[in-house]
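Worksheet: the structure to be examined is printed underneath.
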Amino acid sequence: MAAKILDGKSLAAEVRGSLKSAVASLADRGARPGLAAILVGEDPASRIYVRNKARACEEAGVRSEIHELPQGAPERSLLERIAALNADRAVHGILVQLPLPRQIDAQRVLAAVSPAKDVDGFHAQNLGALLQGSPGFVPGTPAGVMRLLDHAGVRVAGARAVILGRSTIVGKPLALLLLQNDATVTICHSRTRELASLAREADILVAATGRPKLVTANMVKPGACVVDIGIHRAPDGRIVGDVDFGPVSEVAGSITPVPGGVGPMTIAMLIANTVRAAELSNAQPAA
Ligand code: GUN
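What follows is the structure, given as structure tokens:
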């Protein structure tokens, strides 16, 4: 196996460790960062994600609360819950776990979260700030990818980056971050023609397709850095990503594993955003 493994698990632990002094200095002022996660419905993967986020928060000294609403909850109840959390001074970050059930308009819901508590970075104000190059809260997955690349010494400036996937959570914000760091960025999607040959041009190839093992070794330039955002349970019960890890790691120069790559970084960046939200709110005079 030739590729260097980009170990997100240990870097995430380092990031969480580096937040300790900020949490301690807030504690000295009688403040504790607090994250409220809202989970609507029964999606088993979402339940696991939310529980993992809450557990990681507690380990970092961040208070967490999980608000559960039933699968059939009307949009109004979710908006009311968000309004209450916006007004709650003990809550510094609000996260609405996606996807939401069909009856709920995700755009309206995300717009209802106070931008100052939008630690997922999904509010139009935070996404707009990112587009303008002066980011407020940056979504956790793209921020985590940039941190991993930086830590591994992957050269971004001048690199050709190809992102497979155009979601608002990963593909689009990551394209902006790579562009701000002077990469030449191509975003591919389900209607892209000649995907494999575009992918093969990438110095940095990011797979965020939602399709298990879509990226095969013939789609990767020798020596490229391959970042896998996907997480799926294979029929044999194993966890796999969007990248066919074994064969691709024979070709790539560096690669993120699944699990233990981007996933833990997403959570670490969410906690970092929550601590920052608490610091910013603590710096404000009481209303
Ligand atoms: N669903 C998939 N990824 C995410 C994420 O980063 N945040 C939230 N809130 N929901 C998600």
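Okay, so the sequence shown: first residue is 590 according to the working numbering, each after it adds one. Positions of the beta carbon are idealized from the N, C-alpha and C atoms, including for glycine.
- Annotation for residue 656: the continuous beta strand (DSSP E) segment containing it runs 652-658.
- Excluding sequence positions up to five before and after residue 664, its CB lies within less than 8 Å of the CB of 692, 693, 694, 697 and 698, all in the same chain and listed in chain order.
- Residue 859 sits away from residue 737, with the two beta carbons spaced by 8 Å or more.
- Exclusion of the five residues before and after residue 772 leaves 745, 748 and 750 as the residues of its chain whose Cβ lies within less than 6 Å of its Cβ.
- Annotated three-state conformation of residue 840 is helix, per DSSP.
- Scanning 850, 811 and 686 for the CA closest to the CA of residue 597 turns up 850.
- DSSP places residue 794 inside the beta strand (DSSP E), whose first and last residues are 793-796.
- Across the set 863, 720 and 871, the C-alpha of 863 shows the shortest separation from the C-alpha of residue 608.
- Look at residue 628 here: in three-state DSSP terms it is strand.
- The C-beta distance from residue 794 to residue 788 rounds to 6 Å, short enough to fall under 8 Å.
- The Cβ atoms of residue 625 and residue 680 lie closer than 8 Å to each other.
- Closest option to residue 713, judged by alpha-carbon separation, among 688, 758 and 846: 758.
- Leaving aside the five residues that flank residue 840 on each side, the residues in its chain whose CB is nearer than 6 Å to its CB run, in chain order, 806, 809 and 811.
- Nearest to residue 690 by C-alpha distance, out of 658, 755, 803 and 709, is 658.
- In this structure residue 721 is exposed. Its beta-carbon is surrounded by fewer than 16 other beta-carbon atoms within 10 angstroms.
- Less than 8 Å divides the Cβ of residue 629 from the Cβ of residue 667.
- In the DSSP assignment, residue 780 falls outside any beta strand (DSSP E) and carries neither an H nor an E.
- With fewer than 16 other Cβ atoms inside 10 Å of its own Cβ, residue 661 counts as exposed.
- Looking at 606, 774, 645 and 861, the one whose alpha-carbon comes closest to that of residue 733 is 861.
- Rounded to the nearest angstrom, the gap between the Cα atoms of residue 824 and residue 847 is 16 Å.
- When distances are taken from the beta-carbon of residue 702 to the heavy atoms of the ligand GUN, even the shortest one reaches 7 Å or more.
- Remark: the C-beta of residue 729 is in contact range of the ligand GUN, defined as less than 7 Å to any heavy atom.
- Secondary structure remark: continuous beta strand (DSSP E) runs of at least 3 residues inside the region 661-725, in chain order: 682-685.
- In this structure, residue 825 has its CB at a distance of at least 7 Å from all heavy atoms of the ligand GUN.
- Residue 637 is classed as exposed because its beta carbon has fewer than 16 other beta carbons within 10 Å across all chains shown.
- Annotated three-state conformation of residue 753 is strand, per DSSP.
- Within 7 Å of the C-beta of residue 684 there is at least one heavy atom belonging to the ligand GUN.
- DSSP places residue 817 inside the beta strand (DSSP E), whose first and last residues are 814-817.
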